[in-house]
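Report on one structure; see the data block that follows.
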Amino acid sequence: MKKLDKINNFYNDDKVIDACSIFGMMDTSGKCFSGKDIIKAIANMHDRGNGLGGGFAVYGLYPQYADFYAFHIMYFNHESRARLETYLEEHFYMLRAEEVPTNPTPNILKPPLVWRYFLKVRGGENSEQRQQDDYVVEKVMDINTRAKDAFVFSSGKNMAVFKGVGYPEEIAEYFCLEQYEGYLWTAHGRFPTNTPGWWGGAHPFNILDWTVVHNGEISSYGINRRYLEQFGYNCTMQTDTEVVAYAVDLLARKHGFPMEIIAKILAAPLWSEISRLPEKKQKMFRTLRQVYGSLLLNGPFTVIIAHQGEMVGLTDRIRLRPLVVGTKDSMLYLSSEESAIRLVCPHLDDARIPMGGEPVIGSLQNPLNSRKTAIQDPQSKTGEK
Amino acid sequence: MKTYLPPKFIIERDQYRCTQCQACVSQCSFDANYYDAEDDEVRSREENCVGCHRCVVFCPTNAITVRENPSSYRRNESWTHEAIEDIIKQSETGGMLLTGMGTDKGYPIFWDHLLLNASQVTNPSIDPLREPMELTTYLGQKPDMVKLTSDSTDIETEITNQIKLDIPIMLTAMSYGAISLNTQESLARAATEAGTLWNTGEGGLHPSLRKYANNMVAQVASGRFGVHSEYLNMARVVEIKIGQGAKPGIGGHLPGEKVSLDVSATRMIPQGTDALSPAPQHDIYSIEDLSQLIYALKEATNYTKPISVKIAAVHNSAAIASGMVRAGADIIVLDGLRGSTGATPKIIRDNVGIPIELALAAVDERLRKEGIRNKASIVVAGGIRNSGDVTKAIALGADAVYIGTAALIALGCHVCQQCHTGKCAWGICTTNVGLTKRINPNIGTRRLTNLLNSWSLEIKDMLGGMGINAIESLRGNRLHLRGVGLSDTELKILGVRAAGS
Ligand code: SF4
Ligand code: SF4
Chain W
751 MKKLDKINNF YNDDKVIDAC SIFGMMDTSG KCFSGKDIIK AIANMHDRGN GLGGGFAVYG
811 LYPQYADFYA FHIMYFNHES RARLETYLEE HFYMLRAEEV PTNPTPNILK PPLVWRYFLK
871 VRGGENSEQR QQDDYVVEKV MDINTRAKDA FVFSSGKNMA VFKGVGYPEE IAEYFCLEQY
931 EGYLWTAHGR FPTNTPGWWG GAHPFNILDW TVVHNGEISS YGINRRYLEQ FGYNCTMQTD
991 TEVVAYAVDL LARKHGFPME IIAKILAAPL WSEISRLPEK KQKMFRTLRQ VYGSLLLNGP
1051 FTVIIAHQGE MVGLTDRIRL RPLVVGTKDS MLYLSSEESA IRLVCPHLDD ARIPMGGEPV
1111 IGSLQNPLNS RKTAIQDPQS KTGEK
Chain D
622 MKTYLPPKFI IERDQYRCTQ CQACVSQCSF DANYYDAEDD EVRSREENCV GCHRCVVFCP
682 TNAITVRENP SSYRRNESWT HEAIEDIIKQ SETGGMLLTG MGTDKGYPIF WDHLLLNASQ
742 VTNPSIDPLR EPMELTTYLG QKPDMVKLTS DSTDIETEIT NQIKLDIPIM LTAMSYGAIS
802 LNTQESLARA ATEAGTLWNT GEGGLHPSLR KYANNMVAQV ASGRFGVHSE YLNMARVVEI
862 KIGQGAKPGI GGHLPGEKVS LDVSATRMIP QGTDALSPAP QHDIYSIEDL SQLIYALKEA
922 TNYTKPISVK IAAVHNSAAI ASGMVRAGAD IIVLDGLRGS TGATPKIIRD NVGIPIELAL
982 AAVDERLRKE GIRNKASIVV AGGIRNSGDV TKAIALGADA VYIGTAALIA LGCHVCQQCH
1042 TGKCAWGICT TNVGLTKRIN PNIGTRRLTN LLNSWSLEIK DMLGGMGINA IESLRGNRLH
1102 LRGVGLSDTE LKILGVRAAG S
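Keeping their order, the protein sequence lines are chains W and D.
In this text, residue positions in the first sequence follow the numbering used here: the first is 751, and each later residue adds one.
In this text, residue positions in the second sequence follow the numbering used here: the first is 622, and each later residue adds one.
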């Protein structure tokens, strides 16, 4: 855990290259459940990772602190913690600080100190949500680029990321994840090819309450990154995943797009598909592609993007990485492999492989109740294809 | 005065093959071949030969070989043949040396020091024969963001004046007068068929080409030849020409002999008068003047056309380009050191300007740093030789490229650099009626569309190899480039990493 910010791209390659297993499950009725199933499911795809990174995101686990930004921070040692806590005290009102409970696990070697804090923006009570969020983003970026021995890896409200070096099931054991309950969980098992792996580099990647788990290599990384830099996002981790997270932050939070539209920017419809849409849609999707062409994610990828109340699965336009969708009552499952879903839910109402670039969206606002309304069909909303 | 210049080329005629048909005599517009009736033999005046290979190609028995004169002076690295012969020419004429085409000097060609990437293992390459591969490009100003209506079913942000190109390759400015009407018609038709744009150059629009106006860039240059409201309003794009890579900082001169009745009508000047384009635009002495002209043209076209501004790539291109964008240009065109022309002083062509690769890299980076890259599209010109150059230009940050010389080569040009003489044996760069007939617009169109088609197939293959299926994912994506044999400074300016790193 030395030089936390430098270790991710050890050989200074263009970017970190990795492959992986991903899994997401959400109870769209909002009911909370433990991490038991997702741990089992992701462990079933053990072979897709190589033990150099595993992680989970949980939503709805801190209802008692739902209004507080829950910062989860890795430290090199207690001195670095003391230093950073002074910084936090300066910039935030701190309701609570505690060490994240852990459980010694044989394969988890040299873990960093991991603490969590429930924070509010100092003097921010009267300012708008967007301003508070901007402030938090700024502080997280500040800590993560400047502090050599501390790393904020989770910063949203009523959600948390737990991640580290190891297989995901080992990380789960280490952080006692069976004991948490949430209505939305995502998980990731990592297979980096060009980095020794470090705790902060594991997925999910997080900013505010956005998390991204990602499988793939984005060939458009170079331009996606240069585009985002124009909006002040510094891609210090040099991973595709980071680019996805910032792109979503820009599009959702700053430019105000719903997920259905964001999906159509990241995995834009072909020009020929656009030309077959009705006039009004044509204009809309053409404009989006003209303006946000630099955010088109090209090359193979599957991502599960989550934030408060919503989980989205998306593949690249020609689906070069796997994604399977399963539904059962109000549950939505997303996985790299169908077997992992069947393991935890053998009698699915429906299992299918979505089209390339077609987002699969689970949302508390549109709970899945019966098989008929199955997955909220983005097409019907956007009139696409 | 006896000339001290030796012939540049040796013409060898295989007497066994030669049938005295005299094809070479009629084909050579430089009077380098003649028929000696007394001896019933075709002979050559080698001192007139420019090496254009017209006779070689048209000799029915392949009897002719044209090659560089091998006789040499005493070897001298400083006093090269060219240095010596330029002085001889000037001491015999007392004038500036004029020439055509782009510089033939060995300045570094950075395209040849940049290499593209391909996918292996960690991501798959995409097969363009089986998967969609998109080259569609829209030129024009883009807003910073798009605003949706509150129900997310429509957009509030109106985006206007977007020019759709089916391939990111346009045919550059070549005026009627500099090139023949048949040549211009070939360019116009090919652009229309290929879904791209052609450019009038500064010579106005001949009435017979009006039907191709929908794919036309109407140039407005310092001479304002042929510029009128209808011309502007017919075009897709209006382009203000400030400079040209082959002759940065100087104007143009179409000699009176080339100003035929038709040319004079198109340019709106009297027949037989020299068409002089002043060096600067006399209403643009500063950036605010440029802005005024841009908005004057926008007004004149009722804000329905993107306005392009073309400059030669010079030392401060980045700063100038940033000013151009802020002045309201929707498209900026950079024409590099190796850019071509119908006529230019040789000393300017060979010594002024900077390579397009460096200018492009610097301009793209500067506009991004200033957060205004979306405000204008970047088009580069000057020395694009093949689809590899196009692909590398796009990876460096260009939206599209202009080709000129490559297009003329497709029509027959052999880059003999005699464009300024008006004698072009290939019928391209001339208004001589006998010669212009050598370009048949039907065939010319086909040769050009073939070229554009083969380049677009090649670009798709390269994109697929990189694991990319839309050109916008390559644009400005310099991680797909690596440099070989470049200094650290050059790599830094180009914004690419060294191969192997
Ligand atoms: S046609 Fe061209 S190559 Fe042949 S003799 Fe004439 S100038 Fe030389
Ligand atoms: S256009 Fe004609 S004169 Fe000019 S270089 Fe080509 S062949 Fe020679």
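Idealized CB from N, CA, C, for every residue including glycine.
In the structure shown, W1076/D falls within a helical segment according to DSSP collapsed to helix, strand and coil. Distance from the CA atom of E829/W to the CA atom of V850/W, rounded to whole angstroms, is 17 Å. Here DSSP, grouped into helix, strand and coil, assigns L830/D to helix.
Bounds of the beta strand (DSSP E) holding M837/D are 837-841. Excluding sequence positions up to five before and after S692/D, its CB lies within less than 8 Å of the CB of P627, all in the same chain and listed in chain order.
Note on W700/D: under 16 other CB atoms within 10 angstroms of its CB, so exposed under the neighbour-count rule. N683/D and T1042/D have their C-alpha atoms some 27 Å from each other. Among the residues of the stretch 1090-1119 of chain D, those with a Cβ less than 8 Å away from any Cβ of chain W are N1090, A1091, E1093, S1094, L1095, R1096, G1097, N1098, R1099, L1100, H1101, R1118, in the order of the chain. Look at R940/W here: in three-state DSSP terms it is strand.
In summary, the residues of the stretch 1070-1091 of chain D whose CB is separated from some CB of chain W by less than 7 Å are M1087, G1088, I1089, N1090, A1091, in the order they occur in the chain.
In the structure shown, W935/W adopts extended strand secondary structure according to DSSP, grouped into three states.
For Q1039/D, the nearest beta carbon of chain W is not closer than 7 Å to its own beta carbon.
Residue contact check for L1046/W against chain D: a CB pair falls below 7 Å. Relative to the non-hydrogen atoms of ligand 1, the Cβ of V1011/D never comes closer than 6 Å to any of them. At a cut-off of 6 Å, the beta-carbon of A1046/D counts as near ligand 1: some heavy atom of the ligand is closer than that. Here G825/D is buried, its C-beta having at least 16 other C-beta atoms within 10 Å. Taking a 10 Å sphere around the C-beta of Y625/D, we find fewer than 16 other C-beta atoms and assign the residue as exposed. Secondary structure at L1098/W: coil, using DSSP grouped into helix, strand and coil. The C-alpha of L1100/D is placed about 15 Å away from the C-alpha of W732/D. A910/W sits in a strand when the DSSP states are folded into three classes. Under the DSSP assignment, Y885/W falls in the alpha helix (DSSP H) whose first and last residues are 879-896. None of the residues of the stretch 776-790 of chain W has a beta carbon lying less than 7 Å from any beta carbon of chain D. Of the residues assessed, D999/W falls on the buried side of the cut-off, its CB having 16 or more other CB atoms within 10 angstroms. Inclusion of N820/D and T1057/D in the CB contact set at 7 Å is not warranted, their separation being larger than that value. Under the three-state reduction of DSSP, H822/W is assigned to strand. Under DSSP, M844/W forms a beta bridge with L869/W.
Per the coordinates, the alpha-carbon of N908/W lies some 24 Å from the alpha-carbon of L1064/W. Taking 6 Å as the cut-off, the C-beta of V946/D does not count as close to any heavy atom of ligand 2.
In the DSSP annotation of this structure, the continuous segment of the beta strand (DSSP E) that includes V808/W starts and ends at 804-809. Within the DSSP secondary-structure output, E1060/W pairs in a beta bridge with H1057/W, S1113/W. Within 6 Å of the C-beta of I1011/W there is not a single heavy atom belonging to ligand 2. In this structure, the beta-carbon distance from Y930/W to G785/W falls below 7 Å. Under the DSSP definition of a beta bridge, A900/W partners with Y825/W.
Contacts with chain W at 7 Å (Cβ-Cβ) do not include E978/D. Straight through space, the alpha carbons of D990/W and H953/W are spaced by roughly 11 Å. If you check the CB distance, A820/W and T961/W do not come in under 7 Å.
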